[in-house]
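Position in the sequence shown counted from 1, then plus 85, gives you my numbering.
The beta-carbon is built from N, C-alpha and C at its ideal position, and this holds for glycine as well.
Below is one structure, written out as structure tokens; comments come after it.
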Amino acid sequence: MITRAEQAALNLQEARALRAAGTPYREIGRALRLSSGQLGHIRRALKREKAGRTRLYGATPDADERDLPVSRSVLPLGLRRVLAAAGYKTLGDIADRLADPNRPGLETLAGVGPHRAALVRTLLDHYGLRSGSSELQAEVERLFPELRDSGPA
Numbered sequence: 086m087i088t089r090a091e092q093a094a095l096n097l098q099e100a101r102a103l104r105a106a107g108t109p110y111r112e113i114g115r116a117l118r119l120s121s122g123q124l125g126h127i128r129r130a131l132k133r134e135k136a137g138r139t140r141l142y143g144a145t146p147d148a149d150e151r152d153l154p155v156s157r158s159v160l161p162l163g164l165r166r167v168l169a170a171a172g173y174k175t176l177g178d179i180a181d182r183l184a185d186p187n188r189p190g191l192e193t194l195a196g197v198g199p200h201r202a203a204l205v206r207t208l209l210d211h212y213g214l215r216s217g218s219s220e221l222q223a224e225v226e227r228l229f230p231e232l233r234d235s236g237p238a
């Protein structure tokens, strides 16, 4: 059984893909069978992310996804605040933390559990900031088909 938080993360990923294809928000709500409150949450999250990207690229034209601020990401408000308070200003800072084998995972931060850490990993995967994550997962799934991930990470 999928939890409500996992379903919300899945809806956000699907809405992002539909919106990138040019689908209006009304049609996204119908396709995903979302309530008006859920659709409003997704709309605000995607607009916040787009505005952060636009502001960053306007100020620094040579910036990339690593420079996107955590405060403007689609992560939930509480998680954005925890990460910012821990000193992570950009998505690149978080990617560096996860890539360092000598540092523990995000789950060790106060207020970040396995679900929230999975949200961060999914966001980093979306932007291609986790080095080797997709290749490693594909190789593991090829060797061990029973470990295939049927849902979001």
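Item, Value
"Residues near Y212 in its chain [Cβ-Cβ closer than 7 Å; skip 5 each side]", "E150, L176"
"Counted within 10 angstroms of its Cβ, other Cβ atoms place S121 as buried (16 or more) or exposed", "exposed"
"The segment 118-138 contacting the segment 146-166, beta-carbon criterion three pairs below 8 Å", "yes"
"Straight-line Cα distance separating R215 from E231", "24 Å"
"DSSP-derived helix/strand/coil call for T175", "strand"
"Reduced DSSP category for P186 - H, G, I as helix; E, B as strand; rest coil", "coil"
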